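In the working numbering, the protein residues as written are 5 to 112. Structure, as C-alpha cells:
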Amino acid sequence: MTVHYLLNCYNIKILVKQVEEDGGQYNVNIQSDNNPLSFGNTLYSATSKEKAIRVADQLCTFYSMARMNGYHLQGKAFTKPEAGEILAEDVLMRERTRDELHALLVPS
5 MTVHYLLNCY
15 NIKILVKQVE
25 EDGGQYNVNI
35 QSDNNPLSFG
45 NTLYSATSKE
55 KAIRVADQLC
65 TFYSMARMNG
75 YHLQGKAFTK
85 PEAGEILAED
95 VLMRERTRDE
105 LHALLVPS
C-alpha cells in the first residue's frame, strides 16, 4: 500500500492510497484525527490517481459544508437527525460544483 495524497480537512484526514493487492486501485479513505494509526474507511475507489485526488478534494469540500449544516459522517453516510441520509458514494460518483454539493444538503 502506498499513500499518494493526504489532505487535512476540518477535523479529519483524507487519504488517497494505492492498494496493490486490489489490482492497483486508488482508494479514497477518511481517517479520524482521534485514531491516527488506522487508514480509515474507504469511501470511494478509482482506477487512476488523478481521479482519486479530485474525488478526495470534492470529499473535503462536501464534508466541510455538511458539518457546517449539521451533518455528521457515520460509516459511509452523512446523517442529520431531522434530514435524510446522504450516502458518500452518491456524492462522489460524479464531479460536482460547490453549488451542486450545497444543493444536496438543502432540501428543495
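We put the beta carbon where it would ideally sit given N, CA and C, even for glycine. Computed from a predicted model, the values in this text were never measured in an experiment.
By the DSSP assignment, the alpha helix (DSSP H) with Ala-92 in it spans what residues? Here the question's residue 92 lines up with position 88 in the sequence shown. Residues 92-96.
C-beta contact flag for Ser-52 and Tyr-14 at 7 Å: Locating residue 52 in the sequence shown gives position 48, where the first residue counts as 1. Locating residue 14 in the sequence shown gives position 10, where the first residue counts as 1. Not closer than 7 Å, so no.
Using a threshold of 7 Å, state whether the C-beta atoms of Ile-34 and Asn-45 are closer than that. Taking the sequence shown and counting its residues from 1, the one referred to as residue 34 is at position 30. Taking the sequence shown and counting its residues from 1, the one referred to as residue 45 is at position 41. With a cutoff of 7 Å on beta-carbon distance, Ile-34 and Asn-45 are scored as near each other.
For Gly-88 and Val-59, the rounded distance between their alpha carbons: Start at 1 with the first residue of the sequence shown, and residue 59 comes out as number 55. Start at 1 with the first residue of the sequence shown, and residue 88 comes out as number 84. Approximately 23 Å, taken between the alpha carbons.
Residue range of the unbroken alpha helix (DSSP H) whose run includes Val-59: Start at 1 with the first residue of the sequence shown, and residue 59 comes out as number 55. Note, Val-59: alpha helix (DSSP H), 53-72.
Please classify Gln-78 as buried or exposed, where buried requires at least 16 neighbouring CB atoms within 10 angstroms. Here residue 78 corresponds to residue number 74 of the sequence shown, with the count starting at 1. Looking at its Cβ environment, which holds fewer than 16 other Cβ atoms inside 10 Å, Gln-78 is exposed.
Tell me whether the beta-carbon of Tyr-75 lies closer than 7 Å to the beta-carbon of Phe-66. In the sequence shown, the residue the question calls residue 75 occupies position 71. In the sequence shown, the residue the question calls residue 66 occupies position 62. Against a cut-off of 7 Å, the Cβ pair of Phe-66 and Tyr-75 comes out as no contact.
Excluding sequence positions up to five away, which residues of its chain have a Cβ less than 6 Å from the Cβ of Ser-49? As a first step, residue 49 is located in the sequence shown; it is residue number 45 there, counting from the start. Once the five neighbours on either side are set aside, the close Cβ partners of Ser-49 are Gln-29, Asn-31.
Are the CB atoms of Val-20 and Tyr-9 within a distance shorter than 7 Å? Walking along the sequence shown from the start, residue 9 turns up at place 5. Walking along the sequence shown from the start, residue 20 turns up at place 16. Contact flag set, yes.
Residue from Asn-73, Leu-109, Lys-17 with nearest C-alpha to Val-95: Position 91 of the sequence shown, counting from 1, holds the residue named residue 95. Out of Asn-73, Leu-109, Lys-17, Leu-109 has the C-alpha closest to the C-alpha of Val-95.
In this structure, what does DSSP give as the bridge partners for Thr-10? By one-based count along the sequence shown, residue 10 stands at place 6. One detail in the question is off: residue 10 reads as Leu in this sequence, not Thr. The bridge partners DSSP lists for Leu-10 are Leu-19.
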